[in-house]
Amino acid sequence: MRNLIARAVRPELALVLVIAFAVTRIVDTYAVFNHTWDEPAHLAAGLELLDHGTYTLEQQHPPLARAAMALGPFLDGYRSERPAAKPNYDFWERQLQMFDEGRRILYDAGPYDRVLTLARMGNLPFAAVAFLAVFLWTRRLAGPWPAVLSAFVLATIPPFLGNAGLATLDVAVAALGTLSLYLACLWIDRPTPRRGLLLGAVAGAAIMTKFSAIPFLTVGFAAIAAWRMWLSYGVERRFAFLTKAHIQSVVLATLVLIGVFWLSYGLNTSSAADPGNRPYEAVEKVFGADSDLSNLISDILELQIVPGFALKMAQGIGEVAYHNWTGHISFLLGEVRKDGWWYFYLVALGVKTPLPLLALGLAGIVWMLADSYRKRDWRLASPALALVSIILFVSIFSRINLGVRHILILYPLLAICGAYTVTRLVTMRKFRLPAIAGAAVLTVWQAAASLNAHPDNMAYFNAIAGSRPERFLIAADLDWGQDLKRLERELQERGIHDIAVAYYGSARLPRHNFPGYVPLEPKTPRTGWVAISLWKRELTNDYDWLKDYQPIGRVGQSIYLYHIPESQ
Numbered sequence: 124m125r126n127l128i129a130r131a132v133r134p135e136l137a138l139v140l141v142i143a144f145a146v147t148r149i150v151d152t153y154a155v156f157n158h159t160w161d162e163p164a165h166l167a168a169g170l171e172l173l174d175h176g177t178y179t180l181e182q183q184h185p186p187l188a189r190a191a192m193a194l195g196p197f198l199d200g201y202r203s204e205r206p207a208a209k210p211n212y213d214f215w216e217r218q219l220q221m222f223d224e225g226r227r228i229l230y231d232a233g234p235y236d237r238v239l240t241l242a243r244m245g246n247l248p249f250a251a252v253a254f255l256a257v258f259l260w261t262r263r264l265a266g267p268w269p270a271v272l273s274a275f276v277l278a279t280i281p282p283f284l285g286n287a288g289l290a291t292l293d294v295a296v297a298a299l300g301t302l303s304l305y306l307a308c309l310w311i312d313r314p315t316p317r318r319g320l321l322l323g324a325v326a327g328a329a330i331m332t333k334f335s336a337i338p339f340l341t342v343g344f345a346a347i348a349a350w351r352m353w354l355s356y357g358v359e360r361r362f363a364f365l366t367k368a369h370i371q372s373v374v375l376a377t378l379v380l381i382g383v384f385w386l387s388y389g390l391n392t393s394s395a396a397d398p399g400n401r402p403y404e405a406v407e408k409v410f411g412a413d414s415d416l417s418n419l420i421s422d423i424l425e426l427q428i429v430p431g432f433a434l435k436m437a438q439g440i441g442e443v444a445y446h447n448w449t450g451h452i453s454f455l456l457g458e459v460r461k462d463g464w465w466y467f468y469l470v471a472l473g474v475k476t477p478l479p480l481l482a483l484g485l486a487g488i489v490w491m492l493a494d495s496y497r498k499r500d501w502r503l504a505s506p507a508l509a510l511v512s513i514i515l516f517v518s519i520f521s522r523i524n525l526g527v528r529h530i531l532i533l534y535p536l537l538a539i540c541g542a543y544t545v546t547r548l549v550t551m552r553k554f555r556l557p558a559i560a561g562a563a564v565l566t567v568w569q570a571a572a573s574l575n576a577h578p579d580n581m582a583y584f585n586a587i588a589g590s591r592p593e594r595f596l597i598a599a600d601l602d603w604g605q606d607l608k609r610l611e612r613e614l615q616e617r618g619i620h621d622i623a624v625a626y627y628g629s630a631r632l633p634r635h636n637f638p639g640y641v642p643l644e645p646k647t648p649r650t651g652w653v654a655i656s657l658w659k660r661e662l663t664n665d666y667d668w669l670k671d672y673q674p675i676g677r678v679g680q681s682i683y684l685y686h687i688p689e690s691q
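Our numbering puts the first residue of the sequence shown at 124, with every later residue one more than the last.
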């Protein structure tokens, strides 16, 4: 009987069940939350590409995942009605136009909930890829059942599940980035043409999802390759890394990478210069005004021979660099800054990750590095090295501190490390029973903490944050404008017909079911019912007068509800 059950319950089947469990939890949140800040923007940009074949509203993010989010609404008949953004619009003007178009699609193109659900469903394939990636990588390192455990651990990480339930880009880049790093390890180990082609395709897709994949994959690959060379040198006294097979397959990978870029932006070409701007000052300055040579160079620049993706990517990467240079208003530990903190993401991981996973994952990093060094097997340390290199990179270079979602790629890697720890504990010879008991307790605790957080997976904080997580983080981690539906229900249940609202988000409040709604004006005390987003209450002094009152309740995780009496 035991053998029959063992044959029936295969690791692959267990993986399918884990994915089904995670998808069920993700989809269950669709009806709970209205759209968050960035969802209209991604929908608008993706729908412009699918409908018009142009991609002009914003270049800061590449189009692949956005097109995936817009595919459901597009197939259901929704269309982009706004003209493409004018090329001379500055960055912020195009941002405003993109958000306006996204809100039009959500509120005016069809039933709000239907459009939003179809857009969010575009994220489910990427979530499935993430589970598959951790399964494959862990199976190669520790075996099939530890691989199932790593997928299960990922399925119990609330911030990962929360972001997987949104029409945003972070789960997509985490999934494709993790799979790319795994495929890079396979390529380093045995650089066949097939592996080169597959690595190029997946890495290209990761970069076309979000430009942060470029540094993430670069530093992760570099750390793994350096560790491999170091261990190889220690054994063979030579740097046996690049072979002829590596060089041949990397050429194939590069060609496929470029093909993915070109296909993502549309198979088109453009010119390096706009004929409407002729004569070109830079050309005439070098080759002479109206000279034959300057005219020839100008003619060449106007030829439609430049791959369409090249200029778009250059502009997009430039916009990311500009955004990082200027910074973004963010909050950490009671302080507001625009240029960020080097320790922001360390704190974010510390308070947003379930404590059992923190313990198992950190132990796994140390255990993997130690086992890798002891066995002279570079593969064992690869997930840990990628994780450490990425967190070091963002700590040193990132000035855009907008939530743990920006480093969501660390969660699949941490899940692998955590599963490795459990595997090592249950196979210990000494203290085996206490080790197995400890591993079981931590695993059950991890699952229980995750289930207890549902449906507020995105706004999850562990016990370190206590009862007031807004002391640590707010935007995108706690308040991303997601609780308007809950506020609607709360007002209906309480029979409230007049309310003043100070809301942080990209929703159109008049389009929601708030009878007698009026904006809560800054620095203007009033009486009656008041609802205010955490961001508005904590990060500005416009509503400091509310500090003299106790809220009646908290709506969801991000909105406080007050009743200010008449007699004051």
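Virtual Cβ for every residue (Gly too), placed ideally from N, Cα, C.
I'd like to check one pair, residue j with residue i: are the Cβ atoms closer than 9 Å?
{"i": "Phe197", "j": "Leu180", "result": "no"}
{"i": "Arg351", "j": "Trp501", "result": "yes"}
{"i": "Val678", "j": "Arg634", "result": "no"}
{"i": "Ile539", "j": "Ser273", "result": "yes"}
{"i": "Gly288", "j": "Thr152", "result": "yes"}
{"i": "Asn575", "j": "Leu478", "result": "no"}
{"i": "Leu194", "j": "Gly245", "result": "yes"}
{"i": "Ala542", "j": "Pro269", "result": "yes"}
{"i": "Val238", "j": "Asp199", "result": "yes"}
{"i": "Gly285", "j": "Ser629", "result": "no"}
{"i": "Val443", "j": "Gln183", "result": "yes"}
{"i": "Glu593", "j": "Asp602", "result": "yes"}
{"i": "Ser738", "j": "Cys308", "result": "Limits of the chain in this structure are 124 at one end and 691 at the other, which puts residue 738 out of reach."}
{"i": "Gly389", "j": "Leu536", "result": "no"}
{"i": "Tyr666", "j": "Pro645", "result": "yes"}
{"i": "Phe222", "j": "Pro163", "result": "yes"}
{"i": "Leu219", "j": "Phe254", "result": "no"}
{"i": "Ala558", "j": "Val549", "result": "yes"}
{"i": "Leu492", "j": "Ala509", "result": "no"}
{"i": "Gly463", "j": "Gly450", "result": "yes"}
{"i": "His490", "j": "Arg547", "result": "A quick correction: the sequence has Trp, not His, at residue 490. Contact: yes."}
{"i": "His529", "j": "Ser387", "result": "no"}
{"i": "Ala250", "j": "Ala145", "result": "yes"}
{"i": "Thr279", "j": "Gln569", "result": "yes"}
{"i": "Arg262", "j": "Pro134", "result": "yes"}
{"i": "Glu613", "j": "Gly676", "result": "yes"}
Can you tell me which residues form a DSSP beta bridge with residue i?
{"i": "His686", "result": "Trp652"}
{"i": "Glu602", "result": "Residue 602 is actually Asp in this sequence, not Glu. Bridge partners of Asp602: Ala598."}
{"i": "Arg460", "result": "Ser453"}
{"i": "Pro642", "result": "Val624"}
{"i": "Gly676", "result": "Leu684"}
{"i": "Val429", "result": "Ser393"}
Within its chain, find whatever has a CB closer than 8 Å to the CB of residue i; leave out the 5 residues flanking it on each side and keep chain order.
{"i": "Leu140", "result": "none"}
{"i": "Leu515", "result": "Val342"}
{"i": "Arg649", "result": "Ala623, Leu643, Ile687"}
{"i": "Asp413", "result": "Pro402, Glu407"}
{"i": "Ile428", "result": "Thr392, Ser394"}
{"i": "Tyr672", "result": "Tyr685, Ile687"}
{"i": "Leu424", "result": "Ser394, Ala395, Ala396, Tyr403, Val406"}
{"i": "Leu306", "result": "Arg318, Leu321, Leu322, Val325, Ala326"}
{"i": "Leu531", "result": "Pro282, Phe283, Asn286, Asp293, Val294, Val296, Ala297"}
I'd like the list of long-range same chain contacts for residue i, defined as Cβ closer than 7 Å, with 5 residues on each side in sequence excluded.
{"i": "His165", "result": "Arg189, Met192, Ala290, Thr291, Leu292"}
{"i": "Pro674", "result": "Tyr683, Leu684, Tyr685"}
{"i": "Thr332", "result": "Pro185, Leu187, Ala188, Leu292, Ala295, Val296, Leu299"}
{"i": "Ile420", "result": "Val406, Phe410"}
{"i": "Val373", "result": "Gly319"}
{"i": "Leu302", "result": "Val252, Ala256, Val325"}
{"i": "Arg460", "result": "Ser453"}
{"i": "Val383", "result": "Ala324, Gly327, Ala328, Met331"}
{"i": "Leu241", "result": "Gly195, Pro196, Asp199"}
For residue i, which residues of its own chain have a beta-carbon under 6 Å away from its beta-carbon, when the five flanking residues on both sides are left out?
{"i": "Arg361", "result": "Because the pLDDT at Arg361 is just 47, under 50, the model does not fix this residue reliably, and the value given afterwards should be weighed accordingly. Excluding positions up to five away in sequence, the list is empty."}
{"i": "Ile128", "result": "With a pLDDT of 46 at Ile128, under the threshold of 50, the modelled position of this residue cannot be trusted; read the value that follows with caution. Taken in chain order, the list of residues that qualify is empty."}
{"i": "Phe275", "result": "Val141"}
{"i": "Gly487", "result": "Cys540, Gly541, Tyr543, Thr544"}
{"i": "Ala346", "result": "Leu508, Ser512"}
Just to check my reading of the structure: residue i and residue j have Cβ atoms closer than 8 Å, yes? What is that Cβ distance to the nearest angstrom?
{"i": "Tyr627", "j": "Lys670", "result": "No, Tyr627 and Lys670 are not in contact; Cβ-Cβ is about 18 Å, not under 8 Å."}
{"i": "Pro282", "j": "Asn524", "result": "With 8 Å as the limit, Pro282 and Asn524 do not qualify as a contact, their Cβ atoms being about 15 Å apart."}
{"i": "Ile597", "j": "Glu689", "result": "The pair is not a contact, with the Cβ atoms about 31 Å apart (cut-off 8 Å)."}
{"i": "Ser518", "j": "Trp465", "result": "5 Å"}
{"i": "Leu229", "j": "His158", "result": "6 Å"}
Legend entry - Meets three-Cβ-pair contact criterion under 8 Å: the region 454–472 and the region 309–318: No contact exists between the region 454–472 and the region 309–318.
Inset, instruction - Kindly confirm or deny that the region 319–333 and the region 560–578 touch, where touching means at least three C-beta pairs closer than 8 Å. - result: No: the two stretches stay apart, fewer than three of their Cβ pairs being nearer than 8 Å.
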